[in-house]
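**Q**
Residue numbers (the working numbering): 5 to 400.
(1) What would DSSP say about residue 5, mapped onto helix, strand or coil?
(2) DSSP three-state label for residue 121, please.
(3) Candidates 53, 141, 148, 365: which alpha carbon is nearest residue 126's?
(4) Going by DSSP, what residue range makes up the beta strand (DSSP E) through residue 397?
(5) Can we count residue 327 as close to the ligand GTP, meaning its CB is less than 6 Å from some heavy atom?
(6) Could you check the C-alpha separation between residue 324 and residue 348 for me, to the nearest Å?
(7) Hey, could you find the ends of the alpha helix (DSSP H) residue 375 is sitting in?
(8) Is the CB-CB distance between residue 131 and residue 105 below 7 Å?
(9) My parser needs the beta strand (DSSP E) runs of 3 or more residues fully inside the stretch 316-395; what are they?
(10) Beta-carbon separation of residue 40 and residue 370 under 7 Å?
(11) Restricting to Cα atoms, I'd like to know which of 333, 134, 232, 162 is closest to residue 206.
(12) Within 8 Å, do at least three Cβ pairs link the stretch 382-389 to the stretch 237-251?
(13) When you compare the stretch 55-75 with the stretch 279-286, are there three or more beta-carbon pairs, one atom per stretch, that lie closer than 8 Å?
(14) Taking the alpha helix (DSSP H) that residue 130 belongs to, which residues open and close that run?
(15) Can you find at least 3 beta carbon pairs, one from the stretch 152-160 and one from the stretch 172-186, that sit closer than 8 Å?
(16) Would you identify the three-state DSSP class for residue 278, choosing helix, strand or coil?
(17) Within a Cβ cutoff of 7 Å, which residues of the same chain sit near residue 179, ignoring the five residues on either side of it in sequence?
(18) Establish whether the CB of residue 59 and some CB of chain C are separated by less than 7 Å.
(19) Assuming residue 264 is part of the alpha helix (DSSP H), what are its boundary residues?
(20) Residue 342: which of 375, 299, 366 sits nearest, CA to CA?
(21) Where do the ends of the alpha helix (DSSP H) carrying residue 206 lie?
(22) Taking 8 Å as the threshold, find out whether the stretch 202-220 comes into contact with the stretch 24-33 through three or more Cβ pairs.
(23) From the DSSP output, which residues share a beta bridge with residue 486?
(24) Measuring only the C-alpha atoms, how far is residue 346 from residue 364?
(25) Applying the criterion that 16 or more other CB atoms from any shown protein chain within 10 Å of the CB defines a buried residue, is residue 237 buried or exposed?
(26) Please identify the residue among 229, 31, 87 whose C-alpha is closest to the C-alpha of residue 356.
(27) If I'm right that residue 92 touches residue 103 with Cβ under 8 Å, what's the distance once you round it to whole angstroms?
(28) Residue 34 to residue 166, Cα distance in whole Å?
(29) Since residue 192 and residue 252 should fall inside the 8 Å C-beta cutoff, what is the C-beta to C-beta distance between them, to a whole number of angstroms?
(30) Apart from the five residues just before and just after residue 397, which ones in its own chain have a Cβ nearer than 7 Å to its Cβ?
(31) If the criterion is Cβ atoms closer than 7 Å, does the pair residue 73 and residue 112 meet it?
(32) Closest to residue 140 by C-alpha separation, out of 263, 305, 117, 121, would be which residue?
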């Protein structure tokens, strides 16, 4: 009798809306998520869409996002870690899940028991899956996707090592290479030169494997940035950032103009005080009031994902108007200058990421803007919103 599978992976508990006490929260718009999936499908040129949900669905909460996209007829999901795939299966997700990171430790059997599709990039990984069949733990052949390094120099079998690996595959009939993938290093570049060179190598790798009798059912290379590059779309695309409403290509209006932001991070003012000209604010006294000022405090800090680099650089929205972040961002709290925000008071909403309409106007702060102030990228802005910030899911 088959024993029920005991979860081997313990994950930190995500803050639940029902447990929320402080007003800091991330609101996830599920209709915007579905809209972005429709946009991606239009640009995918008929290719299958495998949504990338690594890093807790780019900070949006993987289980809820996956359920929404599965109901919206996404073709499958991609994750980086086995742990992430296990979380999705335990959330009831049944569509194909591709584990791209290649880190399986000693849990190769769990990959198969969970019905996951592993990505492999060396002979040792292939041998480990073959042993499952030879020992009777799993039925064969086991389907895998082989990753080719065409220029990223991160993971994947190199073009130099590929001929030897292709020949070695014959020693492992228990494993079937049914897919080929690569990762594009410069898909967000203004020109196609780098991507074209990588795709030429990918075609060469495909042909070499075919000569060794390995003919795959699906090839995939395109991330969000490559959706508009026809040569990279192939049989499937792997969008991540675009699904969450952010264009990965600076200045791109074709894709960006159609996308809707999915996450909105908000808090509230919990204290207001008057300071005199010359008074310092925050750790290290990095900001000194140039005039008599009103300083408000919000209960969100760098432990929640509000980067310390935003101190004296970034802005938030209060009553529909921008207010600058002043002083150093603390672990749990941040100060803002509301001197020019008429009527700002305790319990007023503060929007850190997203749009706000208030009595003083309407404005929005996007992940790209925050990234520019923090000298980082939009991917990091979204994934930095920590699990102690509860996610509230909205159906407008």
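Think of the CB as a built atom: it goes at the ideal place given N, C-alpha and C, for glycine as much as any other residue.
**A** Taking the geometry as given:
(1) Reading the chain shown from its first residue, position 1 is the one you call residue 5. Residue placement at residue 5 is poorly supported in this model, since its pLDDT is 45, which falls under 50; the coordinates still yield a value, given next. Note: residue 5 maps to coil in three-state DSSP.
(2) Numbered from 1 along the chain shown, position 117 holds the residue referred to as residue 121. In the structure shown, residue 121 sits in a strand (DSSP, three-state: E or B).
(3) By 1-based counting over the chain shown, the position of residue 126 is 122. Checked all of 53, 141, 148, 365; the closest Cα to residue 126 is 148.
(4) Taking the chain shown and counting its residues from 1, one reaches residue 397 at position 393. 395-398 is the extent of the beta strand (DSSP E) around residue 397.
(5) With respect to small molecules bound, the structure shown includes none, and the ligand GTP cannot be examined in it.
(6) Counting from one through the chain shown, the residue named residue 324 turns up at place 320. Counting from one through the chain shown, the residue named residue 348 turns up at place 344. The straight-line gap from Cα to Cα measures roughly 11 Å.
(7) The residue you call residue 375 lines up with position 371 of the chain shown. Taken as a continuous stretch (DSSP letters only), the alpha helix (DSSP H) holding residue 375 covers 371-378.
(8) Position 127 of the chain shown, counted from the start, is the residue given in the question as residue 131. Position 101 of the chain shown, counted from the start, is the residue given in the question as residue 105. It is not a contact, given that the beta carbons lie outside the stated cut-off.
(9) 319-322, 325-330, 338-341, 353-362, 365-369
(10) Along the chain shown, one-based indexing puts residue 40 at 36. Along the chain shown, one-based indexing puts residue 370 at 366. Not a contact, by the Cβ cut-off of 7 Å.
(11) Position 202 of the chain shown, counted from the first residue, corresponds to residue 206. For the residues 333, 134, 232, 162, the minimum Cα distance to residue 206 belongs to 162.
(12) yes
(13) no
(14) Looking up residue 130 in the chain shown gives position 126. Per DSSP, residue 130 belongs to the alpha helix (DSSP H) from 127-138.
(15) yes
(16) Stepping through the chain shown from its first residue, residue 278 is reached at position 274. The answer is strand: DSSP assigns residue 278 an E or B state.
(17) Taking the chain shown and counting its residues from 1, one reaches residue 179 at position 175. If we look at residue 179 and ignore the five residues flanking it on each side, its Cβ neighbours are 130, 133, 134, 145, 146, 148.
(18) Absent here is chain C; the protein component of the structure consists of one chain.
(19) As a position in the chain shown, residue 264 is number 260, starting the count at 1. It is not in any alpha helix (DSSP H) - residue 264 carries neither H nor E in the DSSP assignment.
(20) Start at 1 with the first residue of the chain shown, and residue 342 comes out as number 338. Ranking the options by Cα distance to residue 342, first place goes to 299.
(21) Numbered from 1 along the chain shown, position 202 holds the residue referred to as residue 206. Its alpha helix (DSSP H) spans residues 197-215.
(22) no
(23) No statement about residue 486 is possible, as the shown extent of the chain runs from 5 to 400 and does not include it.
(24) Locating residue 346 in the chain shown gives position 342, where the first residue counts as 1. Locating residue 364 in the chain shown gives position 360, where the first residue counts as 1. If I take the Cα positions, the gap works out to 8 Å.
(25) Looking up residue 237 in the chain shown gives position 233. Its Cβ being crowded by 16 or more others within 10 Å, residue 237 is buried.
(26) Reading the chain shown from its first residue, position 352 is the one you call residue 356. For residue 356, the nearest C-alpha among the options comes from 31.
(27) Taking the chain shown and counting its residues from 1, one reaches residue 92 at position 88. Taking the chain shown and counting its residues from 1, one reaches residue 103 at position 99. Not quite, the Cβ-Cβ distance comes to about 10 Å (not below 8 Å), so this is no contact.
(28) Residue numbering aside, residue 34 sits at position 30 when the chain shown is read from its first letter. Residue numbering aside, residue 166 sits at position 162 when the chain shown is read from its first letter. Going from the Cα of residue 34 to the Cα of residue 166 covers about 42 Å.
(29) On the chain shown, position 188 is the one that residue 192 refers to. On the chain shown, position 248 is the one that residue 252 refers to. Correct: roughly 5 Å between the Cβ atoms.
(30) Here residue 397 refers to the residue found at position 393 when the chain shown is read from its first residue. Closer than 7 Å at the Cβ level, and outside the excluded window around residue 397, lie 32, 34, 68.
(31) For the purposes of this step, residue 73 is identified with residue 69 of the chain shown, where counting begins at 1. For the purposes of this step, residue 112 is identified with residue 108 of the chain shown, where counting begins at 1. Cβ atoms of residue 73 and residue 112: not closer than 7 Å.
(32) As a position in the chain shown, residue 140 is number 136, starting the count at 1. Closest by alpha carbon: 117.
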